[in-house]
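So the sequences go chain by chain: B and G. Quick note, the first sequence lines up with residues 3 to 258 if you use my numbering. Quick note, the second sequence lines up with residues 56 to 214 if you use my numbering. Think of the CB as a built atom: it goes at the ideal place given N, C-alpha and C, for glycine as much as any other residue. Below: the structure, in structure tokens.
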Amino acid sequence: MLAAIRPAGQDFPVLLHIVGATIVFGALLASATSLALARGEIRLLRLGYFSLLFVALPGMALMWGAGQWIYHKQGWNKLPSNVKDVDWLTIGFVVGDYGGLFFIAALIVGGIGILRLRNGKSDGGLLKLTMVMALVLAVAYVVAVWAMTGKPTGASAAPAPGPGANAPTTTAVSVAATEFRFTLSKQSVPHGKVVFTLSNKGKIPHDFSIDGKTSTIVSPGKTTTLTVRLGAGKFLYLCTVPGHAQAGMKGTLIVR
Amino acid sequence: MSYVDWIFALHLLTAATLVGGFVMSWIVVVALRTANTPDATLSLNRVARVGTVVIVVGLLGTIALGIWTAILRPELHPWHGWAIAAIVLWGIAAAAVLRSFVEYAKPLAKARELIASGLTGPSDELTALNRTSTGLLLRGLASAAIVLIVIDMIYKPGA
Chain B
3 MLAAIRPAGQ
13 DFPVLLHIVG
23 ATIVFGALLA
33 SATSLALARG
43 EIRLLRLGYF
53 SLLFVALPGM
63 ALMWGAGQWI
73 YHKQGWNKLP
83 SNVKDVDWLT
93 IGFVVGDYGG
103 LFFIAALIVG
113 GIGILRLRNG
123 KSDGGLLKLT
133 MVMALVLAVA
143 YVVAVWAMTG
153 KPTGASAAPA
163 PGPGANAPTT
173 TAVSVAATEF
183 RFTLSKQSVP
193 HGKVVFTLSN
203 KGKIPHDFSI
213 DGKTSTIVSP
223 GKTTTLTVRL
233 GAGKFLYLCT
243 VPGHAQAGMK
253 GTLIVR
Chain G
56 MSYVDWIFAL
66 HLLTAATLVG
76 GFVMSWIVVV
86 ALRTANTPDA
96 TLSLNRVARV
106 GTVVIVVGLL
116 GTIALGIWTA
126 ILRPELHPWH
136 GWAIAAIVLW
146 GIAAAAVLRS
156 FVEYAKPLAK
166 ARELIASGLT
176 GPSDELTALN
186 RTSTGLLLRG
196 LASAAIVLIV
206 IDMIYKPGA
């Protein structure tokens, strides 16, 4: 179920971003494996290095370029300066940008190793270092994929239910989204599982986020659900599409 | 992250593993086409074995966690058209890639046979087996099915 339903026009850059990322991941695995299993064999040492140079490098360019495209298309670049990027996006940038620099360092180290091999100085030490760097990058990519898909956020500041609280229940709440406000069928719900049904009655895409959980982005006329378990307290809800919450798509739900 | 989020994230991680495994296998398949000696064939096969494990883990994890995700998330259902299309494509990819493993096992067996006979130089027969068109076709078919799954999952036609 690779990705959530998103507004039209963002699918193609997402496709390119995913294809680029998986090319990089596969090439890193191939490179690290070839270099680890080479046992001094020049064929495998060369395969390991050239997997990085000719497969991972173009994949990284594709992934990075498409990532920037999505970033601008979704309007993350237009966030007010006092608003920080969300955690998962920061993780993606760290892996993409700093990982990219680390990758270039691996290419340089490996390139020197290959040149030394070509000149008959059979020192595989540099290529072993390249192998370790490729492995580190592969692990970093696993973390980035987890962050991009799980979209982890900080813990909720909402208090836990008190000792005398009633048994948790399941409550359905209808949420109508328009430009730029939410209308909830209930302003107060009992603690426990809450199923929000978001209907986009507006003209542009919206989502619904509460307690660190965010629904899929819903196109106009479409509906989605978000199930969240809430303890007693006050919970801020908002639309995470950049600028929408500032424009009024936010509010507080009281959980008894 | 909730339990559902974890299952979804693991599904996507295994999907990335699967596609990564295919990229890895293509690197080896292309390298094999220049291998004409038993030693070269055997050494590339060491890398291919890891790729095989990665692909199998990716195949199993993707389908199991994908169906699990569809059951857990109320807005998704395994009987949606795009989900059925993905499952059918997964079946085609799995069948084709497993059959291609059989094809690429032939040069391995031949290389071992040649070494057992004391022949370590270039062999036309081994080169031909390494350049198997059947294996290439099956790997291409499996890869095309995987690319179509990725497109299907992103565009979700009919969702």
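Legend entry - Alpha-carbon to alpha-carbon, L87 of chain G and T182 of chain G: In the second sequence, counting from the first residue as 1, residue 182 of chain G sits at position 127. In the second sequence, counting from the first residue as 1, residue 87 of chain G sits at position 32. Going from the Cα of T182 of chain G to the Cα of L87 of chain G covers about 9 Å.
Legend entry - Secondary structure of L181 of chain G, DSSP reduced to three states: Residue 181 of chain G sits at position 126 when you count from the first residue of the second sequence. In the structure shown, L181 of chain G sits in a helix (DSSP, three-state: H, G or I).
Legend entry - Contacting residues, own chain, Cβ-Cβ under 6 Å from E181 of chain B (five flanking each side not counted): For the purposes of this step, residue 181 of chain B is identified with residue 179 of the first sequence, where counting begins at 1. So the list reads G204, once near-sequence residues are dropped.
Legend entry - chain G contacts made by the segment 120-140 of chain B, where a contact means CB separation under 8 Å: none
Inset, instruction - Since I believe A40 of chain B is in contact with A140 of chain B (beta carbons under 8 Å), could you give me their beta-carbon distance rounded to a whole number of angstroms? - result: For the purposes of this step, residue 140 of chain B is taken as the residue at position 138 of the first sequence. For the purposes of this step, residue 40 of chain B is taken as the residue at position 38 of the first sequence. So it is not a contact: roughly 17 Å between Cβ atoms.
Inset, instruction - Helix, strand or coil for L238 of chain B, going by three-state DSSP, please let me know. - result: In the first sequence, counting from the first residue as 1, residue 238 of chain B sits at position 236. Strand, per DSSP.
Legend entry - Beta-carbon contacts of I126 of chain G that lie in its chain and below 8 Å, excluding the five residues immediately before and after: By one-based count along the second sequence, residue 126 of chain G stands at place 71. Answer for I126 of chain G: P133, listed in chain order.
Inset, instruction - With 9 Å as the C-beta to C-beta threshold (strictly closer), list the residues of the segment 70-81 of chain G near chain B in chain order. - result: A70, A71, T72, L73, V74, G75, G76, F77, V78, M79, S80, W81
Inset, instruction - Kindly list the residues whose CB is nearer than 6 Å to the CB of V163 of chain G, restricted to its own chain and excluding five residues on each side of it in sequence; keep chain order. - result: Looking up residue 163 of chain G in the second sequence gives position 108. The sequence as given places Leu at residue 163 of chain G; Val does not occur at that position. N100, listed in sequence order.
Inset, instruction - Leaving aside the five residues before and after A160 of chain G along the sequence, list all residues of the same chain whose C-beta is less than 7 Å from its C-beta, in chain order. - result: Indexing the second sequence from 1 puts residue 160 of chain G at position 105. Result list for A160 of chain G: empty, nothing under 7 Å.
Inset, instruction - Buried or exposed for Q189 of chain B, please, with buried defined as at least 16 other CB atoms from any protein chain shown within 10 angstroms of its CB. - result: Locating residue 189 of chain B in the first sequence gives position 187, where the first residue counts as 1. When all chains shown are included, Q189 of chain B counts as exposed.
Inset, instruction - At 9 Å on the CB atoms, spell out the chain B contacts of V205 of chain G, in chain order. - result: Locating residue 205 of chain G in the second sequence gives position 150, where the first residue counts as 1. Within 9 Å Cβ-Cβ: L4, L17, I20, V21, T24.
Inset, instruction - Go to N100 of chain G, then tell me how far its alpha helix (DSSP H) extends in each direction, as first and last residue. - result: Locating residue 100 of chain G in the second sequence gives position 45, counting from the first residue. Looking at the DSSP string, the run of the alpha helix (DSSP H) that includes N100 of chain G is 93-127.
Inset, instruction - Could you tell me which residues DSSP puts in a beta bridge with K215 of chain B? - result: Taking the first sequence and counting its residues from 1, one reaches residue 215 of chain B at position 213. For K215 of chain B, which the question treats as bridged, DSSP gives the partners B:I212.
Inset, instruction - Run down chain B in chain order and give the residues with a C-beta less than 7 Å from the C-beta of I147 of chain G. - result: The count along the second sequence starts at 1 and reaches residue 147 of chain G at position 92. Result: empty, since nearest Cβ-Cβ is about 18 Å, beyond 7 Å.
Legend entry - Residues near K215 of chain B by beta carbon distance below 7 Å, same chain, minus five either side: Within the first sequence, the letter at position 213 stands for residue 215 of chain B. The residues are L228, V230.
Inset, instruction - Tell whether a beta-carbon distance below 8 Å holds between Y143 of chain B and L238 of chain B. - result: To locate residue 143 of chain B, count along the first sequence from 1; it is residue 141. To locate residue 238 of chain B, count along the first sequence from 1; it is residue 236. Contact: no.
Legend entry - Contacts of V144 of chain B in chain G (Cβ-Cβ under 7 Å): Here the question's residue 144 of chain B lines up with position 142 in the first sequence. Here the neighbours are L68.
Inset, instruction - Verify whether the separation of the beta carbon atoms of G22 of chain B and A58 of chain B is less than 8 Å. - result: The sequence position of residue 22 of chain B within the first sequence is 20, counting from 1. The sequence position of residue 58 of chain B within the first sequence is 56, counting from 1. No; because the gap between Cβ atoms is not below 8 Å, this pair is not in contact.
Legend entry - Close-in-space but distant-in-sequence residues of the same chain around P163 of chain B (CB under 6 Å, 5 per side omitted): Stepping through the first sequence from its first residue, residue 163 of chain B is reached at position 161. Residue placement at P163 of chain B cannot be trusted, given a pLDDT of 39 that sits under 50; what the coordinates show is reported in the next sentence. The residues are H193, G233, A234.
Legend entry - Pick from B:L109, B:P60, B:G28, B:M65 that is closest to L17 of chain B, judged by C-alpha positions: Here the question's residue 17 of chain B lines up with position 15 in the first sequence. Out of B:L109, B:P60, B:G28, B:M65, B:M65 has the C-alpha closest to the C-alpha of L17 of chain B.
Inset, instruction - Compare the beta carbon distance of T175 of chain G and V112 of chain G with 8 Å and say whether it is the shorter of the two. - result: Counting from one through the second sequence, the residue named residue 175 of chain G turns up at place 120. Counting from one through the second sequence, the residue named residue 112 of chain G turns up at place 57. Cβ distance not < 8 Å, so T175 of chain G and V112 of chain G don't count as in contact.
Legend entry - Cβ neighbour criterion (16 or more within 10 Å) applied to I256 of chain B: Walking along the first sequence from the start, residue 256 of chain B turns up at place 254. Exposed is the call here.
Inset, instruction - Could you tell me how far apart the beta carbons of L129 of chain B and L47 of chain B are, in whole angstroms, since I believe they sit closer than 8 Å? - result: What you label residue 129 of chain B is simply residue 127 of the first sequence in a count that begins at 1. What you label residue 47 of chain B is simply residue 45 of the first sequence in a count that begins at 1. Between L47 of chain B and L129 of chain B the Cβ distance is about 5 Å, and since that is below 8 Å, they are a contact.
Legend entry - chain B contact for S98 of chain G (CB, 8 Å cutoff): As a first step, residue 98 of chain G must be located in the second sequence, where it is residue number 43. Chain B contact via Cβ: present.
Legend entry - Within-8 Å CB hit, T216 of chain B to chain G: Position 214 of the first sequence, counted from the first residue, corresponds to residue 216 of chain B. No, because no Cβ of chain G sits closer than 8 Å to the Cβ of T216 of chain B.
Legend entry - Inter-residue spacing [alpha-carbon to alpha-carbon] between V105 of chain G and F77 of chain G: For this step, residue 105 of chain G is matched to residue 50 along the second sequence. For this step, residue 77 of chain G is matched to residue 22 along the second sequence. Approximately 11 Å between the Cα atoms of the pair.
Inset, instruction - Ignore the nearest five residues each way along the sequence and tell me which others in T107 of chain G's own chain have a CB closer than 7 Å to its CB. - result: As a first step, residue 107 of chain G is located in the second sequence; it is residue number 52 there, counting from the start. Cβ within range, chain order: F156.
Legend entry - is_contact[V257 of chain B, chain G] using C-beta, thresh 8 Å: As a first step, residue 257 of chain B must be located in the first sequence, where it is residue number 255. Taking Cβ atoms only, chain G never reaches closer than 8 Å to V257 of chain B, which makes this a no.
Inset, instruction - Please confirm if A68 of chain B has its CB atom under 8 Å from at least one CB of chain G. - result: As a first step, residue 68 of chain B must be located in the first sequence, where it is residue number 66. No, no contact with chain G.
Legend entry - C-alpha distance - R183 of chain B paired with A140 of chain G, whole-angstrom precision: In the first sequence, counting from the first residue as 1, residue 183 of chain B sits at position 181. In the second sequence, counting from the first residue as 1, residue 140 of chain G sits at position 85. Cα to Cα, R183 of chain B sits roughly 37 Å from A140 of chain G.
Legend entry - Given S98 of chain G as reference, the closest of G:R167, G:S198, G:T187, G:A171 once Cα atoms are compared: Indexing the second sequence from 1 puts residue 98 of chain G at position 43. It is G:R167.
Inset, instruction - Could you spell out where the beta strand (DSSP E) holding R183 of chain B opens and where it closes? - result: If you number the first sequence from 1, residue 183 of chain B lands on position 181. That run of the beta strand (DSSP E) goes 183-186.
Legend entry - Opening and closing residue of the beta strand (DSSP E) in which K252 of chain B lies: Here residue 252 of chain B is taken as the residue at index 250 of the first sequence, counted from 1. Where K252 of chain B is concerned, the enclosing beta strand (DSSP E) stretches over 252-257.
Legend entry - Of the listed residues G:V202, G:L68, G:L131, nearest to S217 of chain B (C-alpha basis): Within the first sequence, the letter at position 215 stands for residue 217 of chain B. Among G:V202, G:L68, G:L131, the Cα nearest to that of S217 of chain B is on G:L131.
Inset, instruction - State yes or no: is the C-beta of G94 of chain B within less than 8 Å of the C-beta of M150 of chain B? - result: Working through the first sequence from its first residue, we reach residue 94 of chain B at position 92. Working through the first sequence from its first residue, we reach residue 150 of chain B at position 148. It is a contact, given that the beta carbons lie within the stated cut-off.
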